[in-house]
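Counting from 5, one number per residue, gives the positions in the sequence shown under this note's numbering.
In this text, a Cβ means the ideal position worked out from N, Cα and C, and glycines have one as well.
Below you'll find the structure, written out as structure tokens, and then a few comments.
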Amino acid sequence: VRLLFCGDVVGQSGRKAMCATVKRAKGELGIDFVVANGENAAGGFGITPAICEEFFDAGVDVVTTGNHVWDQREVITYFEQEQRLLRPHNYPLGTPGAGARLFNTTSGGRIIVINVMLRLFMDPLDDPFQCVTQFLKGHRLSKSADAILVDVHGEATSEKQAIAHMLD
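The following block contains the structure:
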């Protein structure tokens, strides 16, 4: 499985560059699955359904988000109809959308994508370390999927390093 992850796409210029790159990379490099973090795609403030569609039309398979996910109100109802848009998994139960899902690649592979948000200098969400640990207990590599991709959104390098160490 050949994966491409495009992190934190910001604004119109970022969207244009990312969409052009995804189309080219899929053809030239044989990319099977593309994930893009779109939480700043609407001028640095969230994402809209139209921007998600722009990403999907360019070949993005999953869009992840972070703390700006709710900045554009129309995205709230879009979560209920669009399975390929993820919000951080460690939001409280009852939050619209999902934070993790199993997806199929163009080559027949299975990929789980889980999106979590860290807490240092961020919103006080559920513990991302415990959230990922609990999720992974029920989803084993090779059994549940061919790959498990954890998209971590956060501010502090130390917290990012800590969760990377835990996941390694």
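Exercise for the section: Just tell me which of LEU171, MET170 and VAL73 has its CA closest to the CA of PRO53. Expected result: Position 49 of the sequence shown holds residue 53. Considering only alpha carbons, the answer is VAL73.
Practice task
Kindly give me the distance between the Cβ atoms of PHE83 and PRO96, rounded to whole angstroms, as I take these residues to be in contact under 8 angstroms.
Solution key: Looking up residue 83 in the sequence shown gives position 79. Looking up residue 96 in the sequence shown gives position 92. Actually they do not touch by this definition, with Cβ atoms about 14 angstroms apart.
Exercise for the section: Tell me THR155's beta-bridge partners as DSSP assigns them. Expected result: Along the sequence shown, one-based indexing puts residue 155 at 151. Reading off the sequence shown, one finds Asp at residue 155, where the question assumed Thr. Answer is ASN119.
Practice task
State the CB to CB distance for the pair LEU122 and ILE167, rounded to an integer number of angstroms; the pair is presumed to be in contact (CB under 8 angstroms).
Solution key: Translated into the one-based positions of the sequence shown, residue 122 becomes position 118. Translated into the one-based positions of the sequence shown, residue 167 becomes position 163. Yes, LEU122 and ILE167 are in contact; Cβ-Cβ is about 7 angstroms, under 8 angstroms.
Problem - Beta carbon of ILE51 nearer than 8 angstroms to that of VAL26 - result: Taking the sequence shown and counting its residues from 1, one reaches residue 51 at position 47. Taking the sequence shown and counting its residues from 1, one reaches residue 26 at position 22. Contact flag unset, no.
Handout entry: LEU7, enclosing beta strand (DSSP E) - first and last residue
Key = In the sequence shown, counting from the first residue as 1, residue 7 sits at position 3. Counting along the chain, the beta strand (DSSP E) containing LEU7 begins and ends at 7–10.
Exercise for the section: Could you tell me the distance, in whole angstroms, from the CA atom of PHE37 to the CA atom of ALA21? Expected result: Translated into positions along the sequence shown, residue 37 becomes position 33. Translated into positions along the sequence shown, residue 21 becomes position 17. About 18 angstroms.
Problem - Residue range of the unbroken beta strand (DSSP E) whose run includes LEU106 - result: Residue numbering aside, residue 106 sits at position 102 when the sequence shown is read from its first letter. 104–108 is the extent of the beta strand (DSSP E) around LEU106.
Handout entry: Cross-strand partners of ALA54 (DSSP beta bridge)
Key = As a first step, residue 54 must be located in the sequence shown, where it is residue number 50. ALA54 pairs with nothing; no bridge assigned.
Exercise for the section: Report the residue from VAL79, LEU153, GLN16 and LYS141 whose alpha carbon sits nearest the alpha carbon of VAL5. Expected result: By 1-based counting over the sequence shown, the position of residue 5 is 1. It is LEU153.
Handout entry: Residue nearest to VAL13 in terms of C-alpha spacing, selected from GLY42, SER111 and ASP150
Key = For the purposes of this step, residue 13 is identified with residue 9 of the sequence shown, where counting begins at 1. Nearest of GLY42, SER111 and ASP150 to VAL13, Cα basis: GLY42.
Handout entry: From ASN108, THR69 and ARG77, residue whose alpha carbon lies closest to that of LEU89
Key = Translated into positions along the sequence shown, residue 89 becomes position 85. Nearest C-alpha to LEU89: THR69.
Handout entry: First through last residue of the alpha helix (DSSP H) which encompasses VAL26
Key = Position 22 of the sequence shown, counted from the first residue, corresponds to residue 26. Its alpha helix (DSSP H) spans residues 15–33.
Handout entry: Limits of the beta strand (DSSP E) - the one that VAL67 falls within
Key = Looking up residue 67 in the sequence shown gives position 63. 66–68 is the extent of the beta strand (DSSP E) around VAL67.
Problem - Cβ neighbour criterion (16 or more within 10 Å) applied to LYS147 - result: Position 143 of the sequence shown holds residue 147. LYS147 is exposed by the Cβ-count criterion.
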